[in-house]
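**Q** Chains as they are written, first to last, in the working numbering: chain A, 8 to 239; chain B, 8 to 239; chain C, 8 to 239; chain D, 8 to 239; chain E, 8 to 239; chain F, 8 to 239. C-beta atoms are modelled at their ideal positions from N, C-alpha and C, and glycine is treated no differently.
Protein chains: 6
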Amino acid sequence: MRILIVNVNTTESMTHAIGMQARKVAAPGTEIVALTPRFGAESVEGNFESYLAAVGVMDAVMSYRQPFDAVIQAGYGEHGREGLQELLDVPVVDITEAAATAAMFLGHKYSVVTTLDRAVPLIEDRLKLAGLDERCASVRASGMAVLELETQPERAVEAIVRQAGLAVSEDHAEVICLGCGGMAELDAKIRELTGVPVVDGVAAAVTIAESLVRLGLSTSKVRTYAPPEPSA
Amino acid sequence: MRILIVNVNTTESMTHAIGMQARKVAAPGTEIVALTPRFGAESVEGNFESYLAAVGVMDAVMSYRQPFDAVIQAGYGEHGREGLQELLDVPVVDITEAAATAAMFLGHKYSVVTTLDRAVPLIEDRLKLAGLDERCASVRASGMAVLELETQPERAVEAIVRQAGLAVSEDHAEVICLGCGGMAELDAKIRELTGVPVVDGVAAAVTIAESLVRLGLSTSKVRTYAPPEPSA
Amino acid sequence: MRILIVNVNTTESMTHAIGMQARKVAAPGTEIVALTPRFGAESVEGNFESYLAAVGVMDAVMSYRQPFDAVIQAGYGEHGREGLQELLDVPVVDITEAAATAAMFLGHKYSVVTTLDRAVPLIEDRLKLAGLDERCASVRASGMAVLELETQPERAVEAIVRQAGLAVSEDHAEVICLGCGGMAELDAKIRELTGVPVVDGVAAAVTIAESLVRLGLSTSKVRTYAPPEPSA
Amino acid sequence: MRILIVNVNTTESMTHAIGMQARKVAAPGTEIVALTPRFGAESVEGNFESYLAAVGVMDAVMSYRQPFDAVIQAGYGEHGREGLQELLDVPVVDITEAAATAAMFLGHKYSVVTTLDRAVPLIEDRLKLAGLDERCASVRASGMAVLELETQPERAVEAIVRQAGLAVSEDHAEVICLGCGGMAELDAKIRELTGVPVVDGVAAAVTIAESLVRLGLSTSKVRTYAPPEPSA
Amino acid sequence: MRILIVNVNTTESMTHAIGMQARKVAAPGTEIVALTPRFGAESVEGNFESYLAAVGVMDAVMSYRQPFDAVIQAGYGEHGREGLQELLDVPVVDITEAAATAAMFLGHKYSVVTTLDRAVPLIEDRLKLAGLDERCASVRASGMAVLELETQPERAVEAIVRQAGLAVSEDHAEVICLGCGGMAELDAKIRELTGVPVVDGVAAAVTIAESLVRLGLSTSKVRTYAPPEPSA
Amino acid sequence: MRILIVNVNTTESMTHAIGMQARKVAAPGTEIVALTPRFGAESVEGNFESYLAAVGVMDAVMSYRQPFDAVIQAGYGEHGREGLQELLDVPVVDITEAAATAAMFLGHKYSVVTTLDRAVPLIEDRLKLAGLDERCASVRASGMAVLELETQPERAVEAIVRQAGLAVSEDHAEVICLGCGGMAELDAKIRELTGVPVVDGVAAAVTIAESLVRLGLSTSKVRTYAPPEPSA
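1) What does leucine 42/B pair with, by DSSP beta-bridge criteria?
2) Nearest chain A C-beta to arginine 230/B closer than 9 Å, yes or no?
3) With hydrogens ignored, establish whether the beta-carbon of valine 203/A is closer than 8 Å to any heavy atom of the ligand ZN.
4) Under 8 Å by Cβ, that's how I've got serine 145/B and serine 118/B pegged, so tell me the actual separation to the nearest angstrom.
5) I want to see whether chain F comes within less than 9 Å of histidine 179/D, judged by CB atoms only; does it?
6) If we define contact as Cβ-Cβ less than 9 Å, is histidine 115/F a contact residue for chain G?
7) So, is arginine 45/C buried or exposed, given that buried needs 16 or more other C-beta atoms within 10 angstroms?
8) By the three-class DSSP mapping on this structure, what secondary structure does glutamine 80/D have?
9) Could you list which residues in chain D have their beta carbon closer than 9 Å to that of tyrosine 71/C, in chain order?
10) Is the number of C-beta pairs between the stretch 198 to 213 of chain A and the stretch 178 to 188 of chain A that are closer than 8 Å three or more?
11) Are the stretch 26 to 39 of chain B and the stretch 116 to 130 of chain A touching by the rule of at least three beta carbon pairs closer than 8 Å?
12) From what residue to what residue does the beta strand (DSSP E) around glycine 186/E run?
13) Between phenylalanine 75/D and chain E, is there a C-beta pair that is closer than 9 Å?
14) Can you look up arginine 147/C in the DSSP assignment and give me helix, strand or coil?
15) Taking 7 Å as the limit between beta carbons, can you name the residues of its chain near threonine 214/A, skipping five residues before and five after?
16) How should arginine 198/C be labelled, buried or exposed, when 16 other C-beta atoms within 10 angstroms of its C-beta is the threshold for buried?
17) Is alanine 77/B near valine 62/B, with beta carbons less than 9 Å apart?
18) Assign glycine 223/A to one of two classes, buried (16 or more other C-beta atoms within 10 Å of its C-beta) or exposed (fewer than that).
19) Along the beta strand (DSSP E) that carries valine 100/A, what are the first and last residues, could you check?
20) By the 10 Å Cβ neighbour count, where 16 or more other Cβ atoms means buried, how is alanine 41/B classified, buried or exposed?
21) Write down every uninterrupted run of the beta strand (DSSP E) in the stretch 108 to 180 of chain F whose length is 3 residues or greater and which is fully enclosed by it, in chain order.
22) Would you list the residues sitting across from aspartate 207/E in a DSSP beta bridge?
23) Enumerate in chain order the residues of its own chain whose CB-to-CB distance from glutamate 155/E is below 7 Å, with the five nearest sequence positions on each side excluded.
24) Need the endpoints of the alpha helix (DSSP H) that leucine 222/E sits in, please.
25) Return the CA-CA distance between proline 160/A and glutamine 80/A, expressed in angstroms with no decimal places.
26) What are the residues of the stretch 135 to 167 of chain C that lie near chain B, defined by any Cβ-Cβ distance shorter than 9 Å?
27) Rounding to the nearest angstrom, what Cα-Cα distance links phenylalanine 112/C and leucine 134/F in this structure?
28) Among the residues of its own chain, which have a CB less than 7 Å from the CB of leucine 97/C, if the five just before and after it don't count?
29) Does DSSP put methionine 8/C in a helix, in a strand, or in coil?
30) Taking 9 Å as the CB-CB cut-off, is alanine 239/A touching chain B?
31) Please determine, among Thr103/B, Glu52/B, Gly82/B, His23/B, the residue with the shortest C-alpha to C-alpha distance to glutamate 274/A.
32) Rounded to a whole number of angstroms, what is the C-alpha to C-alpha distance between glutamate 217/D and serine 218/E?
33) Helix, strand or coil for glutamate 52/F? Go by DSSP, reduced to three states.
34) Would you please verify whether the beta carbon of alanine 48/C is less than 9 Å from any beta carbon of chain B?
35) Is glycine 138/D closer than 9 Å to arginine 169/E when the C-beta atoms are compared?
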């Protein structure tokens, strides 16, 4: 089985990190192909960049010339998943939704800890549209920009742990979702420090994509995600 | 005052029609400039095209070289408004939200009548995110594609009136919103035939944009719609 | 065009102030007529007074002997708007809803800052019934009574700014609605001090009423706001 | 214990019928005093009349010169209950809420069957504000005006039973609330014909009012229902 | 009239206390029979114990050999009420719902103060399923275990009063529900100290059960609570 | 990896069928152990039986003497999952939630088709508590009892297909969840006949349980699902 995992920004080192994280949890026999969009922002921190990323991700997937069995969109709170679902016959999994879904099997309420404060409303909106917000205790920002997660990993862990701790003590979260593709390698550390399960969206998405493929399930084509008309 | 009104598809005749409709209701002294995206779909009937339109609309607005006071995004249920809000200092009005807002001043519940069935979930999602769905009785499809509104206006009126009638009798709507930029000239006819107020999104958006400008109000820049960082 | 704007209390100086504020934003050619109820409370701070005001406002409007094109009910969180909609053929705009509607075009979430704590649940209830509460971050009280806004304007500004600041920092509001007819002249000051858009309900209501009139739209008469039966 | 039960319209024969219905279920030792407002509509079928009734009911209660232990507002879907709660130290029970509350102890979902279609949104709004709408399957209109319940009781029963039947079969209601003070004597007949429990709001309100008095509970005075200020 | 009130744990002294509390408010002519389950936990503090209690309570009621007119399940936030409703022809009242219902007649918002923090989500879930959560300001834990209410009554009162005070000042509750069967005797003290109405679930449930019996109302048998099939 | 899958009724042939269905989708190296409760109902069709099943399932799992890595509760709309989560350190997956979760990755809305009408409210309640109801278009009953699925498979397929078709055409479902453990083998047939993805809860639950185990994730123990106290 081949799964495409598409970064939402154009930073190759993040694509690499996301691919590595995905491979760690992939089943034997699953090939992970990590793609970088040909255009877009170095890091996606707001709506303009997120809309550009939506098109960049669709372009990257449609330009890929080999067969594949599922696609993962590896951006937290980003636009675009519905477009991929229209264009493809294979399952599409967004890491924001994958993480929330996994978290809801683990505790009564979950929180998301993300990068900058301005990303919070985007994530809240995606969870709301996905109907996964009812058990979301909070979306909290660590104040660290996406690229700082790579350049200042220690400060990032500290800031994320602080917000995760507040999510548990103040917001009654019982599970933490790491709200950024770039946080992929921090989960073990944070789990240890907070004492609650920590869900990484990339890892969750890989197992969900594999599961849907194994079950022979793919996107319904009867209404919302019917293929675009040829005239378009 | 100059207001840009941006079509979401690349069909010039629709841009023209939208501009005309806007000028009909604009106040004296308001200049309406109707823009067509440089790329995108001839008509936007689904998510892929809608995401492309989001970027096409942003491109069209950012490429416009004269000063302007407000922007209207003239697509029903389309993506992209939040991106414009980040990029601009002037107010941005989406016609889906403008129509719903006006309708809510006129009756207890409103319905939207749109083109194809596949557009329904997109409109429902936009209204939900905008927090304007609570008093939405239904979103109904006439089964007419966007471009058929121009080529078969009589059948279009008939199909829309039928759904509007069902919205009133079955769903208890008291106001009808015309859920497509291309329906702009049909409102008087439909109002006469259904007996309830009919709101055209383009017209509503023009008066709302004018109002915000006159009140000296524009998009808040403190969080969600802060300008993109230069590094992006 | 003539717009009636009706104060909800019997204090003439407040009617005068409301009329002045309305005239500031009215379009050329719009005549603003400010009315005071013949009975009711000097200031409306609770439900009993608010119900009395509902009837007082209807009485004031029905007693007005000239033609008019729209009515604005200038009380924040007050009862009665639905009654006016039944009795009249012209549009009726409540300032609570007008302010919320304008705010929702400007930011992801908005807050209302009102007078006394006891007014908070009334405003929350009106926003809920109007289906405009989903994006309301909070309704906060400044602790200043309606009449103190006139007698102690400096303390009022200070108290309102403090609550507006907390609404932004604690509740993540991106826009502030001034939740009292009597706050009408304070908006510029508060806007400057908080850095976010500040919406005055009276001003917003004037432009909305004008817009509905220009669009030829009025209250739907098919169900909820059908005229009272003659037998009644 | 003395309980005032206040009709919302000025039709004495309905006040009499409401009083009789209340006495049937009152505990030994409970005195029921049925009051008619001094002003208002012969029957309350819309918002204007309902707001007038709100003030008429408050006037009737405040004009009553004997001591009393609780007040019941005997109108379905009417305004005004919050005003009474401010003015009084004794418990106030609205029959709309009393019926819904009782119904929720009896089945998973309940429906309300009321008089005219135009009363439906008023009842829906009251249930929503009271937070009792979540388990409301539907509010259905029999098409019979309030006064026709007295003049054409057979047709009324037939029309109500038909809607009650549809509420059970189509809307999955398991309990029916009779949505009008004037339906008070029909409940046994309708229960027999539909096979589900039928709740009369007047009867439910009497037992709830008695219960609150016996438990020594009355309206909280800390915020929403604090007494009006003397200056008002 | 005979009402069975069933403790959810196996501690006889708590059954005794619950019975005494019920008798204090029961009407003349109402016989209260307090039952203890034959199996289960000494105190119910979580889901496992609560599910066991659900079956224990059903067993206790079905083993009772005398006729009875209503059943009260005297556990706060516990499972099982729906099972009793299937098995019985008489009304079943849960104290969690009884308290919330009474509180909603007394103030705009109510809070529940319960024992341990882990009971909070159970109570929230029960209120949500019952559709009684909309006006619930908060569910707060005193940190006192069920059995400590008996062994350390002074500390219990202090801890409960502290949380009740915070519910009023921070969460805007206007009424407090005592969220545990074992708190039954503390209500007067707490009412005095907090200044808001305090509802004891046992007391509220007794008057509601009596009311339903007097009104001749019982559980609807058409769908959710139809009796189990004989084959089962 | 060993996964326990627990039937909720005592019918061994259904346990066998559930085990077979689970093994079909299990990954190589996953051992499926299917358990039957020692007590309970032959088929679970209502709340009484469901509460009994909750305890029966907990008993079956706690009596199992070998190590295991995850538990699946194979009943649709049944009580008890939260109890297992308290008692165990391994992940617990309910098939109702597993099916809904998978469906939400495949289409905009999903419907559940279950056995008897009386099961509908139980399923609705479980989805609501799980926060998975927002995108649920409907829960529909085929009218076939659990045991009839085995004895009359052809009629069952026909009845389920009819309801699935209505869910798609009337309720706008884009995915169907088979709402009963006993429907496990019918999914391919129904998928072919309806043209939309069909999710079997058992199959979905197996892949989700495997995923959680592979990701090293288990139930959070900080609040709701903390282990029962020893004193209990």
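**A** So, to answer that:
1) Mapped onto the second sequence, residue 42/B falls at position 35. BP columns for leucine 42/B point to Val13/B.
2) Counted from its first residue, the second sequence places residue 230/B at position 223. With 9 Å as the cut-off, arginine 230/B counts as an interface residue toward chain A.
3) As for the ligand ZN, it is missing from this structure, which has no ligand bound.
4) Against the second sequence, residue 145/B aligns to sequence position 138. Against the second sequence, residue 118/B aligns to sequence position 111. The Cβ separation is near 5 Å, so the contact holds.
5) On the fourth sequence, residue 179/D is found 172 positions in, with the first residue counted as 1. By this cut-off, histidine 179/D is an interface position.
6) The chain inventory of the structure shown lacks chain G, comprising the protein chains A, B, C, D, E and F.
7) Sequence index remark: in the third sequence, residue 45/C carries index 38 (1-based). Classification of arginine 45/C: exposed, given that the 10 Å Cβ count is below 16.
8) By one-based count along the fourth sequence, residue 80/D stands at place 73. Correct three-state label for glutamine 80/D: strand.
9) Stepping through the third sequence from its first residue, residue 71/C is reached at position 64. Near tyrosine 71/C there are no residues of chain D at all, since even the closest Cβ is about 16 Å away, more than 9 Å.
10) yes
11) no
12) Indexing the fifth sequence from 1 puts residue 186/E at position 179. Element bounds for glycine 186/E: 182 to 186.
13) The residue labelled residue 75/D in the question sits at position 68 within the fourth sequence. No, because no Cβ of chain E sits closer than 9 Å to the Cβ of phenylalanine 75/D.
14) If you number the third sequence from 1, residue 147/C lands on position 140. Note: arginine 147/C maps to strand in three-state DSSP.
15) Numbered from 1 along the first sequence, position 207 holds the residue referred to as residue 214/A. Excluding sequence neighbours, threonine 214/A sits near Val32.
16) Locating residue 198/C in the third sequence gives position 191, where the first residue counts as 1. Buried: at least 16 other Cβ atoms inside 10 Å.
17) For this step, residue 77/B is matched to residue 70 along the second sequence. For this step, residue 62/B is matched to residue 55 along the second sequence. Their beta carbons are not under 9 Å apart, which means alanine 77/B does not touch valine 62/B by this criterion.
18) Stepping through the first sequence from its first residue, residue 223/A is reached at position 216. So glycine 223/A ends up on the exposed side.
19) As a first step, residue 100/A is located in the first sequence; it is residue number 93 there, counting from the start. Taken as a continuous stretch (DSSP letters only), the beta strand (DSSP E) holding valine 100/A covers 99 to 101.
20) The count along the second sequence starts at 1 and reaches residue 41/B at position 34. Label assigned to alanine 41/B: buried.
21) 117 to 121, 143 to 148
22) Residue mapping note: residue 207/E aligns to position 200 of the fifth sequence, counting from 1. Its beta-bridge partners are Leu185/E.
23) Numbered from its first residue, the fifth sequence carries residue 155/E at position 148. The answer, listed in chain order, is Ala163.
24) Position 215 of the fifth sequence, counting from 1, holds the residue named residue 222/E. No alpha helix (DSSP H) contains leucine 222/E, which DSSP labels as neither H nor E.
25) Within the first sequence, numbered from 1, the residue matching residue 160/A stands at position 153. Within the first sequence, numbered from 1, the residue matching residue 80/A stands at position 73. Using only the alpha carbons, I get a separation of about 23 Å.
26) Lys135, Ala137, Gly138, Leu139, Asp140, Glu141, Arg142, Cys143
27) Taking the third sequence and counting its residues from 1, the one referred to as residue 112/C is at position 105. Taking the sixth sequence and counting its residues from 1, the one referred to as residue 134/F is at position 127. Whole-angstrom Cα-Cα distance: 34 Å.
28) Position 90 of the third sequence holds residue 97/C. Here residue 97/C is valine; the residue named in the question, leucine, does not match the sequence. Cβ neighbours of valine 97/C beyond the five flanking positions: Phe75, Asp76, Ala77, Val78, Ser225.
29) Indexing the third sequence from 1 puts residue 8/C at position 1. In this structure, methionine 8/C counts as coil in the three-state DSSP scheme.
30) Taking the first residue of the first sequence as 1, we reach residue 239/A at position 232. Confidence is the limiting factor: at alanine 239/A the pLDDT is only 39, short of 50, which leaves the residue's position unreliable and the question unanswerable from this model.
31) The structure shown does not extend to residue 274/A, since chain A is modelled only from 8 through 239, so no value can be given for it.
32) For the purposes of this step, residue 217/D is taken as residue 210 along the fourth sequence, with counting starting at 1. For the purposes of this step, residue 218/E is taken as residue 211 along the fifth sequence, with counting starting at 1. About 9 Å.
33) On the sixth sequence, position 45 is the one that residue 52/F refers to. Here glutamate 52/F sits in coil by DSSP.
34) In the third sequence, counting from the first residue as 1, residue 48/C sits at position 41. Taking Cβ atoms only, chain B never reaches closer than 9 Å to alanine 48/C, which makes this a no.
35) Counted from its first residue, the fifth sequence places residue 169/E at position 162. Counted from its first residue, the fourth sequence places residue 138/D at position 131. Against a cut-off of 9 Å, the Cβ pair of glycine 138/D and arginine 169/E comes out as no contact.
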